[in-house]
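Here the structure is laid out as structure tokens; the discussion comes afterwards.
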Amino acid sequence: VTQALRDLHEAGCELITITQYLRPTPRHHPVERWVKPEEFVELSGEAEEIGFAGVMSGPLVRSSYRAGRLYKQAVEARGSI
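If you count the sequence shown from 1, you need to add 271 to reach the numbering used here.
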């Protein structure tokens, strides 16, 4: 995951959401493992250290999840509006 975060940031990605895959129906691929909440905290810290302007990390986070707040976080981190 860390290398993927680095690659995304190097490619110009500024905002990132890190989440858990949830199986929508029994016909979909099963969940391989459940990620512990502490891991999401660690991954969030890694993403911030890499330089992402906005990070949302958690088991139920989705790309549209509080998108306005994530954008505001990024703007404030960059010091511009």
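Backbone N, C-alpha and C fix where the C-beta goes; we use that ideal spot for every residue, glycine too.
Comparing C-alpha positions only, which one of the options sits nearest to residue i?
{"i": "R349", "options": "L286, L276 and P308", "result": "L286"}
{"i": "T273", "options": "W305, H300 and G316", "result": "G316"}
Given a cut-off of 9 angstroms on the beta-carbon distance, is the pair residue i and residue j in contact?
{"i": "F267", "j": "S335", "result": "Here the chain comprises residues numbered 272 to 352, so residue 267 is not present and cannot be evaluated."}
{"i": "L276", "j": "L314", "result": "yes"}
{"i": "Q344", "j": "G325", "result": "yes"}
What would DSSP say about residue i, mapped onto helix, strand or coil?
{"i": "P330", "result": "coil"}
{"i": "G316", "result": "helix"}
{"i": "L279", "result": "helix"}
{"i": "T288", "result": "strand"}
In this structure, what does DSSP give as the bridge partners for residue i?
{"i": "I321", "result": "Its beta-bridge partners do not exist; DSSP assigns none."}
Could you tell me the alpha carbon to alpha carbon distance between residue i and residue j, rounded to whole angstroms?
{"i": "T288", "j": "R333", "result": "7 angstroms"}
{"i": "S304", "j": "L279", "result": "The residue asked about is misnamed: residue 304 is Arg in this sequence, not Ser. Roughly 24 angstroms between the two C-alpha positions."}
{"i": "H300", "j": "L293", "result": "9 angstroms"}
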